[in-house]
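K.L.:
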Amino acid sequence: MHRNKILAVLLAAGATWTSAQVLAPAEIRDPNLRELQQKHLPDLEKIRAEIARHRFPYHFYFSRKLDLSEEQQRGADQRSIRFDTFHNQTVLEITGNYYASYSASLMDTPERARRTLMDVVAPILQAAVPPMQDEIAIQGFAVEVSHHVRRQMLGVTIEGVEHIAFLLPRSAARTFLSAATPGEQETALMHGALYVNASPAPGWENQAQAWTEAPAVPASSSPVAAVSATPAPPAVALRSLAPTRETLRQKQASYQPTLDTLVRELDKDAHFVAYAPPAFIAFRDGAYLQLSVSTTLEEAQPGSRYRAAALAFDEHISHLIRPVLSRLKDRAGLDGVDFSTAVRAAGENASALAIEFIFPWPALVCYEKYDCTGQQLVDQGFILINGERISLDLQSAEAAR
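Just so you know, we're using the numbering used here here: the sequence shown kicks off at 331 and counts up by one.
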């Protein structure tokens with residue numbers, strides 16, 4: 331009885347300096363997590379207030395429990411902002427219920443997940459990251475949200491719940507904050523891991539695997555303890571190491587029969603370069619499949635190199651993406667595709683412009699499913715002209731001469 335009274339006093343005290351959406355430190359069992367919660371109470375309250383000010387497309391509630399009706403949610407425990415662990419990594423976690431109801435016949439699983447990611451998770455991260463981006467005791471941010479899905483069964487509309495979870499490494503959070511456009515924002519988010527009903531979302535399998543393979547990092551708000559426990563930067567803990575030559579060689583051997591078939595079936599339209607067969611390369615700590623092709627533009631004088639790049643994408647590369655992806659059925663360990671092309675104007679045989687269109691796998695899947703436009707795909711990728719990265723607005727570039 332005496333212990334219960336003490337706990338009640340602690341909980342009551344916690345309620346006086348934390349909001350209804352921030353978990354009181356006394357309720358957290360792990361001492362290191364509890365210390366973090368205590369240390370950052372003012373920051374967590376700022377995060378709560380910032381999220382509360384945001385206008386979501388549909389009602390959003392903080393919640394300790396997912397899968398509640400909106401009526402149940404109004405009276406439910408909303409203290410969901412807290413520090414927790416996921417796959418041995420310390421994260422700032424925020425959970426809630428989002429009362430959007432998507433039609434399963436109009437939006438497939440990846441599209442529903444992406445919509446909630448951009449409409450709900452991204453605004454939450456915009457509020458959560460700034461106060462916590464310099465806290466070395468955490469390795470990332472976790473947001474878990476439920477939304478509703480309508481399906482037809484025997485002529486009757488049935489509505490169920492789908493759970494979306496997203497994990498963003500702290501090392502990628504700074505890039506996310508500095509994003510100036512929705513496309514740049516999506517590119518930064520691709521360093522995270524997206525789950526639907528506890529399974530990696532299509533196209534996000536490799537990112538999810540990076541989290542599960544990350545070494546354990548004990549939570550501590552003490553800088554000395556945190557640094558001594560994890561001498562490498564947080565980015566190393568959360569991201570796979572760059573693939574070695576041996577890893578790339580093994581992938582090449584594993585995929586070779588598929589690549590041979592791909593070249594044979596698509597060469598008529600792709601115009602593969604004979605002396606540079608498809609090969610795995612290391613790019614941004616990932617294993618990318620490089621496809622070397624040649625592009626001949628329809629125009630004899632395409633103008634600027636930006637216009638040439640835009641025309642190369644619209645006239646050639648964009649038409650290869652879905653055929654290529656359809657032949658890569660086993661996508662394990664594949665982080666993206668590099669379409670490396672030598673672009674020539676019509677009737678020109680000598681000089682060529684070297685352009686690379688490098689796209690991460692989630693962006694390619696988004697385009698494959700018609701969830702992303704060509705411009706959105708370009709915004710999420712890396713466009714290199716003669717080895718230098720550029721920004722490319724397809725419509726503006728093609729309109730200019």
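Beta carbons are placed, not taken as given, at the ideal position from N, Cα and C, and that holds for glycine. Since we're looking at a predicted model, the values are computed, not measured.
1) How far does the beta strand (DSSP E) with serine 476 in it reach, from first residue to last?
2) May I have a chain-ordered list of the beta strand (DSSP E) segments no shorter than 3 residues that lie completely inside the stretch 594-622?
3) Are there 16 or more other CB atoms within 10 angstroms of the CB of serine 622, so buried, or fewer, so exposed?
4) Do alanine 467 and isoleucine 424 have their C-beta atoms closer together than 8 angstroms?
5) Starting from the Cα of glutamate 728, find the closest Cα among Ile713, Glu686, Asp644 and Cys702 and give me that residue.
6) Leaving aside the five residues before and after arginine 442 along the sequence, list all residues of the same chain whose C-beta is less than 6 angstroms from its C-beta, in chain order.
7) Can you give, in chain order, each stretch of the alpha helix (DSSP H) that sits fully within the stretch 359-401 and has at least 4 residues?
8) Using the rule of at least 16 other Cβ atoms within 10 Å of the residue's Cβ for burial, across every protein chain shown, is leucine 436 buried or exposed?
9) Would you kindly check if the distance between the Cβ of tyrosine 618 and the Cβ of isoleucine 715 is under 8 angstroms?
10) Use the C-beta contact count for valine 486: other C-beta atoms within 10 angstroms, 16 or more gives buried, fewer gives exposed.
11) How would you call asparagine 427, buried or exposed, if buried means at least 16 neighbouring beta carbons within 10 angstroms?
12) Could you give the uninterrupted runs of the beta strand (DSSP E) lying entirely in the stretch 395-439, keeping only those of 3 residues or more?
13) Quick one: grab the DSSP three-state call for histidine 493.
14) If you check the beta carbons only, do serine 721 and alanine 672 fall under 8 angstroms apart?
15) So what's proline 690 in DSSP terms, helix, strand or just coil?
16) How long is the line joining the alpha carbons of arginine 383 and histidine 389, rounded to whole angstroms?
17) From what residue to what residue does the alpha helix (DSSP H) around alanine 457 run?
18) One question on the structure: do alanine 609 and glutamine 582 come within less than 8 angstroms of each other, judged by their Cβ atoms?
19) Just checking: is the beta-carbon of aspartate 701 within a distance shorter than 8 angstroms of some beta-carbon in chain C?
20) Contact check, glutamine 367 vs isoleucine 381 under 8 angstroms by CB: the rounded distance?
21) Specify the secondary structure class of tyrosine 700 as computed by DSSP and reduced to three states.
22) Using 10 angstroms around the beta-carbon of tyrosine 700, count the other beta-carbons present and answer buried if the total reaches 16, otherwise exposed.
23) Based on the DSSP secondary-structure assignment, which residues constitute the bridge partners of arginine 719?
24) Can you check whether the CB of serine 476 is closer than 8 angstroms to the CB of leucine 396?
25) By DSSP, does aspartate 590 sit in helix, in strand, or in coil?
26) For the alpha helix (DSSP H) containing threonine 505, list its first residue and its last residue.
27) What number of angstroms, rounded off, separates the C-alpha of alanine 518 from the C-alpha of glutamate 400?
28) DSSP puts phenylalanine 669 in a beta bridge; with which residues?
29) Check for me: the alpha helix (DSSP H) holding leucine 524 runs from which residue to which?
30) For glycine 666, count the other beta carbons within 10 Å of its own beta carbon; 16 or more makes it buried, fewer makes it exposed. Which is it?
31) Would you mind working out which of Ser410, Arg409, Ala509 and Phe416 sits nearest glutamine 328, comparing C-alpha positions?
32) Between which two residues does the alpha helix (DSSP H) containing glutamate 728 stretch?
33) What would DSSP say about proline 573, mapped onto helix, strand or coil?
34) Measure the Cβ-Cβ separation of alanine 630 and isoleucine 685 and say whether it is below 8 angstroms.
35) Using the C-alpha atoms, what's the distance from alanine 730 back to isoleucine 713?
36) Can you look up isoleucine 755 in the DSSP assignment and give me helix, strand or coil?
P.N.:
Inspection of the coordinates gives the following:
1) The residue you call residue 476 lines up with position 146 of the sequence shown. Unbroken beta strand (DSSP E) run through serine 476: 470-483.
2) You should have 609-613.
3) Locating residue 622 in the sequence shown gives position 292, counting from the first residue. Note on serine 622: 16 or more other CB atoms within 10 angstroms of its CB, so buried under the neighbour-count rule.
4) Position 137 of the sequence shown, counted from the first residue, corresponds to residue 467. Position 94 of the sequence shown, counted from the first residue, corresponds to residue 424. The answer is no: Cβ separation not under 8 angstroms.
5) Here residue 728 is taken as the residue at index 398 of the sequence shown, counted from 1. When only C-alpha atoms are compared, the closest one is Asp644.
6) Numbered from its first residue, the sequence shown carries residue 442 at position 112. Correct list, in chain order: Tyr432.
7) For the stretch 359-401, the continuous alpha helix (DSSP H) assignments of 4+ residues that do not extend past its boundaries occur at 361-369 and 371-383, in sequence order.
8) Taking the first residue of the sequence shown as position 1, residue 436 is located at position 106. The residue in question, leucine 436, is exposed, as its Cβ has fewer than 16 Cβ neighbours within 10 Å.
9) To locate residue 715, count along the sequence shown from 1; it is residue 385. To locate residue 618, count along the sequence shown from 1; it is residue 288. The answer is no: Cβ separation not under 8 angstroms.
10) On the sequence shown, residue 486 is found 156 positions in, with the first residue counted as 1. Around the CB of valine 486, fewer than 16 other CB atoms lie within 10 Å, so the residue is classed as exposed.
11) As a working mapping, residue 427 is identified with position 97 in the sequence shown. Counting Cβ neighbours within 10 Å, asparagine 427 comes out buried, since at least 16 surround it.
12) Counting whole runs of 3 or more residues, the stretch 395-439 contains the beta strand (DSSP E) stretches 411-416 and 419-433.
13) Residue mapping note: residue 493 aligns to position 163 of the sequence shown, counting from 1. Under the three-state reduction of DSSP, histidine 493 is assigned to strand.
14) Stepping through the sequence shown from its first residue, residue 721 is reached at position 391. Stepping through the sequence shown from its first residue, residue 672 is reached at position 342. Against a cut-off of 8 angstroms, the Cβ pair of alanine 672 and serine 721 comes out as no contact.
15) Locating residue 690 in the sequence shown gives position 360, where the first residue counts as 1. Correct three-state label for proline 690: strand.
16) Position 53 of the sequence shown, counted from the start, is the residue given in the question as residue 383. Position 59 of the sequence shown, counted from the start, is the residue given in the question as residue 389. Arginine 383 and histidine 389: Cα-Cα distance of roughly 12 angstroms.
17) Numbered from its first residue, the sequence shown carries residue 457 at position 127. Counting along the chain, the alpha helix (DSSP H) containing alanine 457 begins and ends at 452-462.
18) Taking the sequence shown and counting its residues from 1, the one referred to as residue 609 is at position 279. Taking the sequence shown and counting its residues from 1, the one referred to as residue 582 is at position 252. Taking 8 angstroms as the Cβ cut-off, alanine 609 and glutamine 582 qualify as a contacting pair.
19) Absent from the structure is chain C; it holds one protein chain and no more.
20) On the sequence shown, residue 367 is found 37 positions in, with the first residue counted as 1. On the sequence shown, residue 381 is found 51 positions in, with the first residue counted as 1. So it is not a contact: roughly 17 angstroms between Cβ atoms.
21) Sequence index remark: in the sequence shown, residue 700 carries index 370 (1-based). DSSP, read as helix, strand or coil, puts tyrosine 700 in coil.
22) If you number the sequence shown from 1, residue 700 lands on position 370. Tyrosine 700 should be labelled exposed.
23) Position 389 of the sequence shown, counted from the start, is the residue given in the question as residue 719. Partner residues in the beta bridge of arginine 719, as assigned by DSSP, are Leu714.
24) Translated into the one-based positions of the sequence shown, residue 396 becomes position 66. Translated into the one-based positions of the sequence shown, residue 476 becomes position 146. Yes; because the gap between Cβ atoms is below 8 angstroms, this pair is in contact.
25) Taking the sequence shown and counting its residues from 1, the one referred to as residue 590 is at position 260. In this structure, aspartate 590 counts as helix in the three-state DSSP scheme.
26) Mapped onto the sequence shown, residue 505 falls at position 175. It spans 500-508 - the alpha helix (DSSP H) in which threonine 505 sits, taken as one unbroken run.
27) By 1-based counting over the sequence shown, the position of residue 518 is 188. By 1-based counting over the sequence shown, the position of residue 400 is 70. One C-alpha to the other measures close to 32 angstroms.
28) Working through the sequence shown from its first residue, we reach residue 669 at position 339. When beta bridges are read from the DSSP output, phenylalanine 669 appears opposite Leu621 and Phe687.
29) As a position in the sequence shown, residue 524 is number 194, starting the count at 1. Premise fails: leucine 524 lies in the beta strand (DSSP E), 523-526, not in any alpha helix (DSSP H).
30) Working through the sequence shown from its first residue, we reach residue 666 at position 336. So glycine 666 ends up on the buried side.
31) Given a span of 331 to 731 for the chain in the structure shown, any question on residue 328 remains unanswerable.
32) Stepping through the sequence shown from its first residue, residue 728 is reached at position 398. It spans 724-729 - the alpha helix (DSSP H) in which glutamate 728 sits, taken as one unbroken run.
33) As a working note, residue 573 is residue 243 in the sequence shown. The three-state reading of DSSP puts proline 573 in coil, since its state is none of H, G, I, E or B.
34) Looking up residue 630 in the sequence shown gives position 300. Looking up residue 685 in the sequence shown gives position 355. Going by C-beta atoms, alanine 630 is not nearer than 8 angstroms to isoleucine 685.
35) The residue you call residue 713 lines up with position 383 of the sequence shown. The residue you call residue 730 lines up with position 400 of the sequence shown. Roughly 18 angstroms between the two C-alpha positions.
36) Nothing about residue 755 can be read from this structure; the chain reaches only from 331 to 731.
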